[in-house]
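Protein chains in written order, with our numbering: chain A, 1 to 297; chain B, 1001 to 1283; chain C, 2001 to 2255. Read the structure below first, then the notes.
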């Protein structure tokens, strides 16, 4: 076999090996986390872990309920804030903004997407924490340190803006001009066209964008950890401190080495995080792919 | 004014408010970092390493260890991710593989993209413990490489996909083998997209904290070997922010300013390079 | 030709530029009411641009400059501060490729109705039925009104778009090469419909097939490289062209 052909063959096989290894990476992650979680499942049932309300590893209590509540609250509120703002911004960029403004705003969104989470956390710490502590909470008559669910939610919402906005803008742009013309030509206003035609046509993409944004928010660790308060009790209001699954992993990091059970518990938390984010991302990607095939973008 | 116009005007106002919130957020972030960190951004900060006192008050050195640490982690990681990324991206061209396999590979890359960076950190941490290693530059590099692979590979894949088939056929007709064409002809054409992906991956690698928190450790010294632990800019910011002293927080902001400058520069570089190499691209 | 023809649309010194590309130059035309006016000319000469200026659909794109006057029933629709959706309501549009809205067959036709009128559900349904009958689609779809419009054939979709356009009772129907994407049978159906429509509506038809124009037009406007070369009643235009370029086009020398 001549040299070139040999090199060709080896090169191809090498690529194959690498590709297979990487494709199976997420399986490897899943099984490793699962394997490490088995220990804690021997000692406590899944139901007990998910629903009991005290997380006290030193006393062999591994109830995740307060943390699950914290996670749902933080992520949920973040999305409630982020989704309307993002969709409206995307509509503005795609349908209403004059060309000059569009050219300026698009890079802003890209830059926002590139800011590291640590910096978001720091800014939330410097700005949002005092804001909520001294201005917003007193307005509601509540006292708080500022390190709370609401702060984490607002921070997450801002982090999620670029994802939803850019996916929505891309999908709005993919809708043919003639479809807009068809609506406008019967005398609909621009907004009516957006409401009744554009939203309908891009509904799958918008939903997919929300799913992907949710996945991002659910898995965000560092920024949330810096402002959520780190208290593993069920938060009573949005101004209470709390804890999320992702943030727990970071908070407990140094402690977990103290006992294998603790370590296993945290690996289970990581597993739960992994599975939930995976499911949301899979949904989101599937819906997005179907939408892409339909509208060809 | 009739009801329809009224509704449109209300939503127009809501849209303006929304976009202002989004744009305003970025402006506030940049302003905060500059205003709070500016005073602490001295030459000393950039050229000295940190010491114990650094975290406790106004003295005690700088963030050189973090700066070098970040470079030491992110550059090799990006390099490794590129090599692996090219291998996968070239493999994904239609000529090499059948549709459903390629579909599966792309799908798993999409999924890997969406995995939170903490999971990569935990994964590498577990393997690290199992192998009896401790937190070090080496493990940190591996974690970052895994994090960057999906990003870089996706960009490479998309760019190569856009290479017109006629170009490849031209190469084949001149006697190139599949592999040779893959390595020599295709990448040039796809260059702008590939560069954008690489720089995006690099930016992510420099800015990410969660993946290196457990795997690279933290230290005040500059690492002297691959097996030393190291600080990095994101982890330094994380450490400094937890302090209750405003002076120390200023240092955190200054560090954040350095980090942002690096990330923004990478982003601008990416756009400039893409434009420059667009001239090689045949439409 | 009859002299009591009312002029529905008239342009005065209309100029349109796209991205600094001067597409329409000094257009002065008159379109008679309740007749079928064909705008003909080689591809790329601005016919569609002219058509879409009548319902102010050009301005939704970037970098468009329009100057001059377009008078519809004597009123300049390019004047500032006018209610544009209202203007558009008076003009129905039939595009080259049918673009059914992403909703059911019934909702497509009812779309404009629901926006503009206060009719109740029953009235809307009967108007929808009436419009679908007008375009000859009723019998084919009456059993599946709530199916997505995308399931119809291309020819049916085009007739649906026509039904959607006339549902809001426009005065003018603008047609942009409506048969070019259709098979010959469907194309014939559309042509027959246009001939029927011109009794009740002013029809403006952009076409790049001379034969189609000859078949259906009462009035012809010839556009060449963005300028009006000749316009007039169909008889005179086809049998007695005055301009050398018109003669060249009619004889097939330029196309």
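All C-beta atoms, glycine included, are put in the ideal place defined by N, C-alpha and C.
(request) Can you check DSSP and say which residues form a bridge with residue 55 of chain A? (result) Locating residue 55 of chain A in the first chain gives position 55, counting from the first residue. According to DSSP, which records beta bridges pairwise, residue 55 of chain A is partnered with A:62.
(request) Starting from residue 1145 of chain B, trace the beta strand (DSSP E) both ways and give me its first and last residue. (result) In the second chain, counting from the first residue as 1, residue 1145 of chain B sits at position 145. Premise fails: residue 1145 of chain B lies in the alpha helix (DSSP H), 1137 to 1161, not in any beta strand (DSSP E).
(request) Compute the Euclidean distance between the alpha carbons of residue 67 of chain A and residue 242 of chain A, then round it to the nearest angstrom. (result) To locate residue 67 of chain A, count along the first chain from 1; it is residue 67. To locate residue 242 of chain A, count along the first chain from 1; it is residue 242. In a straight line, the C-alpha of residue 67 of chain A is about 7 angstroms away from that of residue 242 of chain A.
(request) Just the C-alpha distance for residue 2217 of chain C and residue 2108 of chain C, rounded to the nearest angstrom, thanks. (result) One-based indexing of the third chain puts residue 2217 of chain C at position 217. One-based indexing of the third chain puts residue 2108 of chain C at position 108. For the pair residue 2217 of chain C and residue 2108 of chain C, the Cα-to-Cα distance works out to about 29 angstroms.
(message) I'd like to know if residue 1128 of chain B contacts chain A, where contact means its C-beta is closer than 8 angstroms to some C-beta of that chain.
(response) Against the second chain, residue 1128 of chain B aligns to sequence position 128. Residue 1128 of chain B does not count as touching chain A.
(request) Label residue 31 of chain A either buried or exposed according to how many other C-beta atoms from any shown protein chain fall within 10 Å of its C-beta, with 16 as the threshold for buried. (result) Taking the first residue of the first chain as position 1, residue 31 of chain A is located at position 31. Exposed, because fewer than 16 other Cβ atoms sit within 10 Å of the Cβ of residue 31 of chain A.
(message) Is the beta carbon of residue 2104 of chain C closer than 8 angstroms to that of residue 2145 of chain C?
(response) Here residue 2145 of chain C refers to the residue found at position 145 when the third chain is read from its first residue. Here residue 2104 of chain C refers to the residue found at position 104 when the third chain is read from its first residue. Cβ distance < 8 angstroms, so residue 2145 of chain C and residue 2104 of chain C count as in contact.
(message) Give me the chain A residues within the contact set of residue 1952 of chain C, using Cβ-Cβ distance strictly less than 7 angstroms, ordered along the chain.
(response) The displayed coordinates of chain C run from 2001 to 2255. Any statement about residue 1952 of chain C would go beyond what the structure contains.
(message) Below 8 angstroms, how does it come out for the segment 1108 to 1125 of chain B and the segment 1042 to 1052 of chain B: are there three or more Cβ pairs, yes or no?
(response) no
(request) Could you pull out every residue in the same chain whose Cβ sits closer than 7 angstroms to the Cβ of residue 1152 of chain B, ignoring the five residues on either side in sequence? (result) Counted from its first residue, the second chain places residue 1152 of chain B at position 152. These residues qualify, in order along the chain: 1081, 1082, 1085, 1197, 1198, 1201.
(request) Within the segment 2194 to 2222 of chain C, note down every full beta strand (DSSP E) run reaching 3 residues or more, in order along the chain. (result) 2202 to 2206
(message) Less than 8 angstroms between the C-beta atoms of residue 2094 of chain C and residue 2175 of chain C, yes or no?
(response) The sequence position of residue 2094 of chain C within the third chain is 94, counting from 1. The sequence position of residue 2175 of chain C within the third chain is 175, counting from 1. Yes; because the gap between Cβ atoms is below 8 angstroms, this pair is in contact.
(request) Taking residue 163 of chain A as part of the alpha helix (DSSP H), name the residues at either end of that continuous run. (result) Counting from one through the first chain, the residue named residue 163 of chain A turns up at place 163. It spans 149 to 174 - the alpha helix (DSSP H) in which residue 163 of chain A sits, taken as one unbroken run.
(message) Contact criterion: CB-CB distance below 8 angstroms. Does residue 182 of chain A meet it with respect to chain C?
(response) On the first chain, position 182 is the one that residue 182 of chain A refers to. At least one CB of chain C lies nearer than 8 angstroms to the CB of residue 182 of chain A.
(request) Figure out for me which residue from B:1064, B:1263, B:1194 has the closest Cα to the Cα of residue 1208 of chain B. (result) On the second chain, residue 1208 of chain B is found 208 positions in, with the first residue counted as 1. For residue 1208 of chain B, the nearest C-alpha among the options comes from B:1263.
(request) For residue 139 of chain A, count neighbouring C-beta atoms within 10 Å of its own C-beta (all shown protein chains included) and say buried if the count is 16 or more, exposed if not. (result) Walking along the first chain from the start, residue 139 of chain A turns up at place 139. Exposed, by the Cβ-count rule.
(request) Determine the closest residue to residue 131 of chain A out of A:236, A:4, A:147, with distance taken between C-alpha atoms. (result) The residue given as residue 131 of chain A occupies position 131 in the first chain. Minimum Cα-Cα distance from residue 131 of chain A among the listed residues A:236, A:4, A:147 corresponds to A:147.
(message) At the level of alpha carbons, what is the spacing between residue 287 of chain A and residue 1128 of chain B?
(response) Position 287 of the first chain, counted from the first residue, corresponds to residue 287 of chain A. Position 128 of the second chain, counted from the first residue, corresponds to residue 1128 of chain B. Roughly 37 angstroms separates the two Cα atoms.
(request) With distances taken Cα to Cα, identify the nearest neighbour of residue 249 of chain A among A:238, A:232, A:52. (result) One-based indexing of the first chain puts residue 249 of chain A at position 249. Nearest of A:238, A:232, A:52 to residue 249 of chain A, Cα basis: A:232.
(request) In the DSSP assignment, find the alpha helix (DSSP H) that holds residue 6 of chain A and state where it starts and stops. (result) Within the first chain, the letter at position 6 stands for residue 6 of chain A. Run containing residue 6 of chain A: 3 to 23, per the alpha helix (DSSP H) assignment.
(request) Identify which residue in B:1017, B:1018, B:1025 has its Cα closest to the Cα of residue 159 of chain A. (result) One-based indexing of the first chain puts residue 159 of chain A at position 159. Among B:1017, B:1018, B:1025, the Cα nearest to that of residue 159 of chain A belongs to B:1025.
(request) Give the DSSP-derived three-state secondary structure of residue 2143 of chain C in the structure shown. (result) On the third chain, residue 2143 of chain C is found 143 positions in, with the first residue counted as 1. Helix at residue 2143 of chain C.
(request) Flag this pair as yes or no: are the beta carbons of residue 1232 of chain B and residue 1040 of chain B separated by less than 8 angstroms? (result) Counting from 1 along the second chain, the entry for residue 1232 of chain B is found at position 232. Counting from 1 along the second chain, the entry for residue 1040 of chain B is found at position 40. No. Outside cutoff.
(message) Within a Cβ cutoff of 6 angstroms, which residues of the same chain sit near residue 2055 of chain C, ignoring the five residues on either side of it in sequence?
(response) On the third chain, residue 2055 of chain C is found 55 positions in, with the first residue counted as 1. If the five residues before and after residue 2055 of chain C are omitted, its C-beta is found closer than 6 angstroms to the C-beta atoms of 2088, 2091, all from its own chain and listed in chain order.
(request) Grab me the residues of residue 1958 of chain C's own chain with a C-beta within less than 8 angstroms of its C-beta, minus the 5 sequence neighbours each way, in chain order. (result) With chain C covering only 2001 through 2255, there is no way to say anything about residue 1958 of chain C.
(message) So, at 8 angstroms on beta carbons, what are the nonlocal neighbours of residue 1031 of chain B in its own chain, with the 5 sequence-adjacent residues on each side left out?
(response) Here the question's residue 1031 of chain B lines up with position 31 in the second chain. So the list is empty, once near-sequence residues are dropped.
(request) On a CA-only basis, which of B:1106, B:1135, B:1148 is nearest residue 1158 of chain B? Give me that one, please. (result) Your numbering for residue 1158 of chain B matches position 158 in the second chain. Per the Cα distances, B:1106.
(message) Quick check on residue 2148 of chain C: does DSSP put it in helix, strand or coil?
(response) By 1-based counting over the third chain, the position of residue 2148 of chain C is 148. Correct three-state label for residue 2148 of chain C: strand.
(message) With distance defined between alpha-carbon atoms, name the residue in B:1250, B:1170, B:1015 nearest to residue 1058 of chain B.
(response) For the purposes of this step, residue 1058 of chain B is taken as residue 58 along the second chain, with counting starting at 1. The shortest C-alpha separation from residue 1058 of chain B is found at B:1250.
(request) Would you mind giving the Cβ-Cβ distance between residue 2198 of chain C and residue 2030 of chain C, rounded to the nearest angstrom? I have them listed as a contact below 8 angstroms. (result) Locating residue 2198 of chain C in the third chain gives position 198, where the first residue counts as 1. Locating residue 2030 of chain C in the third chain gives position 30, where the first residue counts as 1. Contact flag wrong, Cβ pair sits at about 17 angstroms.
(request) Count the other CB atoms, across all protein chains shown, that sit within 10 Å of the CB of residue 2027 of chain C; report buried if there are 16 or more and exposed otherwise. (result) For this step, residue 2027 of chain C is matched to residue 27 along the third chain. The residue is buried, with at least 16 neighbouring Cβ atoms inside 10 Å.
(request) Determine the chain C residues that contact residue 197 of chain A at a beta-carbon separation under 8 angstroms, and present them in chain order. (result) Taking the first chain and counting its residues from 1, one reaches residue 197 of chain A at position 197. Chain C residues near residue 197 of chain A: 2101, 2102.
(message) Strictly by DSSP, which residues pair up with residue 2176 of chain C?
(response) Counted from its first residue, the third chain places residue 2176 of chain C at position 176. C:2206, per the DSSP bridge assignment.
(request) Determine contact between the segment 267 to 281 of chain A and the segment 211 to 228 of chain A, defined as no fewer than three beta-carbon pairs at a distance below 8 angstroms. (result) yes
(request) List the DSSP bridge partners of residue 2233 of chain C. (result) Counting from 1 along the third chain, the entry for residue 2233 of chain C is found at position 233. Bridge partners of residue 2233 of chain C: C:2219.
(request) Can you check the segment 110 to 138 of chain A for any beta strand (DSSP E) of at least 3 residues that lies completely inside it and give the ranges in chain order? (result) none
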